[in-house]
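> Counting in UniProt numbering, the sequence shown runs from 1 upward without gaps.
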Amino acid sequence: MTTQQFKPVPEPPESLERVEEARRAVPLVPDPQADCCARLQDRIGSGSRQDAEAQGASSPVSLTRQDAETWLTFLRALELVERKQSGYARTRHDIDRDELASAFRERVVGADAALDAAAGQSGDAAVEAAFEAVRDSVPEWERRRHDDWESVWRDRTERLLEWGDLFGVDTS
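And the structure:
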């Protein structure tokens with residue numbers, strides 16, 4: 001059986017605690033009335049003013065609905081959230097960095113190839129090597145969807161590497 005893969009990759013947070021915070025925004029028991037995107041926007045989209053100031057912003061970071069949808073799908077890819085017939089529900093197991101790294105590599109489009117290609121490199125060289133590894137797998141419709149698809153996918157590839165760092169994937 002082929003493992004389902006997911007494409008959306010949000011901006012990575014500073015810590016795994018933020019990932020757990022995002023997961024806790026999703027109900028434990030699926031509720032067809034729950035608006036998981038709104039819950040994600042409320043929980044992780046309005047970080048504290050202290051967090052914003054630490055990042056050089058004057059006000060808390062806001063999360064758009066599209067950003068929340070990306071997060072929800074990404075949490076599914078990491079097997080932290082499941083889509084049930086009656087809505088979304090968070091999983092009951094504890095967050096484990098090794099399990100997250102494994103799910104990330106297996107279930108996020110391009111993650112495995114990007115991380116392998118970046119091994120032994122750093123900075124722009126790692127991003128370029130990772131992008132070259134996924135370039136040929138970018139579907140034609142994605143290439144037509146964006147005027148500068150290479151820039152869009154290079155940014156996505158950079159986020160893949162940042163998530164890999166967060167999950168402790170060794171690419172050195």
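For each residue, glycine too, the CB sits at the ideal point set by N, CA and C.
With the cut-off set at 9 Å, would you say leucine 72 and tyrosine 88 are in Cβ contact?
Yes; because the gap between Cβ atoms is below 9 Å, this pair is in contact.
> Compute the distance between the beta-carbons of phenylalanine 131 and tryptophan 149, then report whether it is under 9 Å.
No, Cβ-Cβ distance for phenylalanine 131 and tryptophan 149 is not below 9 Å.
> Go ahead and label tryptophan 141 buried or exposed: buried means 16 or more other beta carbons lie within 10 angstroms of its beta carbon, across all protein chains shown.
Exposed.
> Counting C-beta neighbours from all protein chains within 10 Å, is the total for glutamate 158 16 or more, i.e. buried, or is it exposed?
With 16 or more other Cβ atoms within 10 Å, it is buried.
> I need the DSSP call for valine 81, collapsed to helix, strand or coil.
Here valine 81 sits in strand by DSSP.
> Which residues in the same chain as valine 81 place their Cβ atom closer than 6 Å to its Cβ, once the five residues preceding and following it in sequence are excluded?
Contacts found: Val26, Leu75, Tyr88, Arg90.
> Return the CA-CA distance between aspartate 51 and alanine 101, expressed in angstroms with no decimal places.
Note that aspartate 51 scores 49 on pLDDT, short of 50, meaning its location in the model is unreliable; the coordinates nonetheless yield the value given after this. For aspartate 51 and alanine 101, the distance between alpha carbons rounds to 26 Å.
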